[in-house]
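S.K.: Numbering (the UniProt record's numbering), first residue to last: 1 to 247.
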């Protein structure tokens, strides 16, 4: 796409209250515009003036910054390292592959750093997760930063089939792939994990808590256990606490 054409396309987006980016060939309601799916290295700050925004199936969108407005936004970025800012509202933010920086903002947000095949939710005010589908080793080789912001946020580190940020190598401690969870609030936020509390271990490091997947069924932490998450600035967590949710 030529620069002038891309700029014209983005200007048309800025005049819409709602944006649904399903690709340029989608059938879009007259109240919606589209974002061209080949965007790269774009800072879409103009989106902050809009209401509800949906950016989906953007497999070729790379190194972009998307700032949501006051509505309930749905962002799913593609390859490379993207920044997603949900803004106000109850947002669903999905990072895709790459080292992503995801900020929920004000509202009850759902944050997923890895690439998903599909996400289904019900009761969007509380984001009851119905089903998340992934394949392979989701999150392998990624270090994603997840910041919930104000509100009751959900940090998704697993689905019913896969634990995210597991490199699949039992001999590795997994320090090359994990979710860095910022501003975690024990009273209202939740971390989603697969299985049961006995499948994981916690380790305090400085003022942070590391979350490990138990890879060897040996009680306590060992060199073979896999780092999948770091809860920044929070200690004294318990795997049986209500802030951990097991699927």
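The C-beta atom is built at its ideal place from N, Cα and C for all residues, glycine as well.
Given a threshold of 16 other Cβ atoms within 10 Å of its Cβ, counted over all protein chains shown, does residue 69 qualify as buried or as exposed?
M.R.: Position 69 of the chain shown, counting from 1, holds the residue named residue 69. Residue 69 comes out buried.
S.K.: Rounded to a whole number of angstroms, what is the C-alpha to C-alpha distance between residue 158 and residue 67?
M.R.: Reading the chain shown from its first residue, position 158 is the one you call residue 158. Reading the chain shown from its first residue, position 67 is the one you call residue 67. For residue 158 and residue 67, the distance between alpha carbons rounds to 26 Å.
S.K.: What does the Cβ neighbour count give for residue 134, buried or exposed, with the cut at 16 atoms within 10 Å?
M.R.: Reading the chain shown from its first residue, position 134 is the one you call residue 134. It is buried - the Cβ of residue 134 has at least 16 other Cβ atoms within 10 Å.
S.K.: Assuming residue 79 contacts residue 98 (C-beta within less than 8 Å), just tell me the rounded distance between them.
M.R.: Position 79 of the chain shown holds residue 79. Position 98 of the chain shown holds residue 98. Contact flag correct, Cβ pair sits at about 6 Å.
S.K.: With a threshold of 16 other CB atoms inside 10 Å of the CB of residue 118, please say whether the residue is buried or exposed.
M.R.: By one-based count along the chain shown, residue 118 stands at place 118. Answer is exposed; the Cβ neighbour count stays below 16.
S.K.: When the Cβ atoms of the segment 187 to 196 are set against those of the segment 215 to 224, are three or more pairs found closer than 8 Å?
M.R.: Result no; under three Cβ-Cβ pairs closer than 8 Å.
S.K.: Out of curiosity, what's the CA-to-CA distance linking residue 106 and residue 242?
M.R.: In the chain shown, residue 106 corresponds to position 106, counting from 1. In the chain shown, residue 242 corresponds to position 242, counting from 1. Taking the straight line joining both Cα atoms gives about 22 Å.
S.K.: Using a 10 Å radius around the Cβ and a threshold of 16 neighbouring Cβ atoms, would you call residue 236 buried or exposed?
M.R.: Within the chain shown, residue 236 is the residue found at index 236, counting from 1. Residue 236 is exposed by the Cβ-count criterion.
S.K.: Give me the Cα-Cα distance between residue 137 and residue 212, rounded to the nearest whole angstrom.
M.R.: In the chain shown, residue 137 corresponds to position 137, counting from 1. In the chain shown, residue 212 corresponds to position 212, counting from 1. Straight-line Cα distance between these residues: approximately 16 Å.
S.K.: Rounded to the nearest angstrom, how far is the Cβ of residue 102 from that of residue 116, given a contact under 8 Å?
M.R.: Position 102 of the chain shown, counted from the first residue, corresponds to residue 102. Position 116 of the chain shown, counted from the first residue, corresponds to residue 116. No, residue 102 and residue 116 are not in contact; Cβ-Cβ is about 13 Å, not under 8 Å.
S.K.: Could you give the first and the last residue of the continuous beta strand (DSSP E) run that contains residue 205?
M.R.: Here residue 205 corresponds to residue number 205 of the chain shown, with the count starting at 1. From DSSP, the beta strand (DSSP E) with residue 205 extends over 200 to 205.
S.K.: Is it buried or exposed, residue 186, if we count other Cβ atoms within 10 angstroms and call 16 or more buried?
M.R.: Start at 1 with the first residue of the chain shown, and residue 186 comes out as number 186. The residue is exposed, with fewer than 16 neighbouring Cβ atoms inside 10 Å.
S.K.: What three-state label does DSSP hand residue 120 in the structure shown?
M.R.: In the chain shown, the residue the question calls residue 120 occupies position 120. Here residue 120 sits in strand by DSSP.
S.K.: Do you know offhand how far residue 247's Cα is from residue 112's?
M.R.: Stepping through the chain shown from its first residue, residue 247 is reached at position 247. Stepping through the chain shown from its first residue, residue 112 is reached at position 112. The alpha-carbon atoms of residue 247 and residue 112 are separated by roughly 15 Å.
S.K.: Give the DSSP bridge partners of residue 184, in chain order.
M.R.: As a first step, residue 184 must be located in the chain shown, where it is residue number 184. Per DSSP, none; premise fails for residue 184.
S.K.: Between residue 164 and residue 174, which are expected to be in contact by the criterion C-beta below 8 Å, what is the C-beta distance as a whole number of angstroms?
M.R.: The count along the chain shown starts at 1 and reaches residue 164 at position 164. The count along the chain shown starts at 1 and reaches residue 174 at position 174. Incorrect: roughly 11 Å between the Cβ atoms, too far for contact.
S.K.: Can you give the Cα-Cα distance for residue 72 and residue 154, rounded to whole angstroms?
M.R.: Taking the chain shown and counting its residues from 1, one reaches residue 72 at position 72. Taking the chain shown and counting its residues from 1, one reaches residue 154 at position 154. If you take the alpha carbons of residue 72 and residue 154, they lie about 15 Å apart.
S.K.: Can you grab the Cα-Cα spacing for the pair residue 95 / residue 190, in whole Å?
M.R.: Counting from one through the chain shown, the residue named residue 95 turns up at place 95. Counting from one through the chain shown, the residue named residue 190 turns up at place 190. Computed Cα separation, rounded: 18 Å.
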